[in-house]
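Colleague: If you use this note's numbering, the sequence shown corresponds to residues 2 to 135, in order.
Pasting a structure below so you can have a look.
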Amino acid sequence: MYSGDSGDILTTEYTIQQLTREFDVTARALRHYEDQGILKPRREGNKRIYSRRDRVRLLLTIRGRRFGFTLAECRELYDIYDATRDDHQQLSLYRQRLSEKRSGLEQQARDLQAVIDEIKQAENKITRQIAQKQ
Numbered sequence: 002m003y004s005g006d007s008g009d010i011l012t013t014e015y016t017i018q019q020l021t022r023e024f025d026v027t028a029r030a031l032r033h034y035e036d037q038g039i040l041k042p043r044r045e046g047n048k049r050i051y052s053r054r055d056r057v058r059l060l061l062t063i064r065g066r067r068f069g070f071t072l073a074e075c076r077e078l079y080d081i082y083d084a085t086r087d088d089h090q091q092l093s094l095y096r097q098r099l100s101e102k103r104s105g106l107e108q109q110a111r112d113l114q115a116v117i118d119e120i121k122q123a124e125n126k127i128t129r130q131i132a133q134k135q
């Protein structure tokens, strides 16, 4: 989970160790995000050097994952922004995706409540049956 420690705001380059500490993620997760096209660090020999852009994308990806977005959905939002530099278009799409997620979660909540109600009914029925046999 993101710790909230922004470190030196003037820093424009970050090592893998700095980002793993700041965001409490593993180096493996960062490499996975790189494989998925979300992060695009440059290389200095065997070292990965992450930009401020990568850091922001990591923060947004962690947030997006918490909201239930897949990595592909996160990447789609970034790709639209990178292609158009249109904040309005990106924000509109993000709002649409959030609305879709909310609707899905609300349906899941209704489905879960229905299952909980069925379980309660079964418990009550069994409780009555036990009481009748005593």
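Yeah, the Cβ is synthetic: ideal placement off N, Cα and C, and Gly gets one too.
Quick caveat: nothing in here was measured; it's all calculated off a predicted structure.
Any chance the stretch 34-42 sits against the stretch 60-78, with 3 or more Cβ pairs inside 8 Å?
Modeller: They touch, by the three-pair rule.
Colleague: Would you kindly check if the distance between the Cβ of residue 50 and the Cβ of residue 16 is under 8 Å?
Modeller: Result yes, Cβ atoms of residue 16 and residue 50 sit closer than 8 Å.
Colleague: If I follow the unbroken alpha helix (DSSP H) through residue 12, where does it start and stop?
Modeller: Per DSSP, residue 12 belongs to no alpha helix (DSSP H) and is neither H nor E.
Colleague: Using only the alpha-carbon positions, how far apart do residue 135 and residue 124 sit?
Modeller: Cα-Cα distance, rounded: 17 Å.
Colleague: So the candidates are 36, 120 and 53; which of them puts its Cα closest to the Cα of residue 19?
Modeller: Cα-wise, what sits closest to residue 19 is 53.
Colleague: Using a Cβ-Cβ cut-off of 8 Å (strictly less than) and excluding sequence neighbours within five positions of residue 99, which residues of its own chain qualify?
Modeller: Taken in chain order, the residues that qualify are 68.
Colleague: Following the continuous beta strand (DSSP E) through residue 48, name the residue where it begins and the one where it ends.
Modeller: It spans 48-52 - the beta strand (DSSP E) in which residue 48 sits, taken as one unbroken run.
Colleague: Considering only the beta carbon of each residue, do residue 94 and residue 81 sit closer than 8 Å?
Modeller: Result yes, Cβ atoms of residue 94 and residue 81 sit closer than 8 Å.
Colleague: Closest to residue 35 by C-alpha separation, out of 106, 22 and 75, would be which residue?
Modeller: Residue 75 is the option with its Cα nearest to residue 35.
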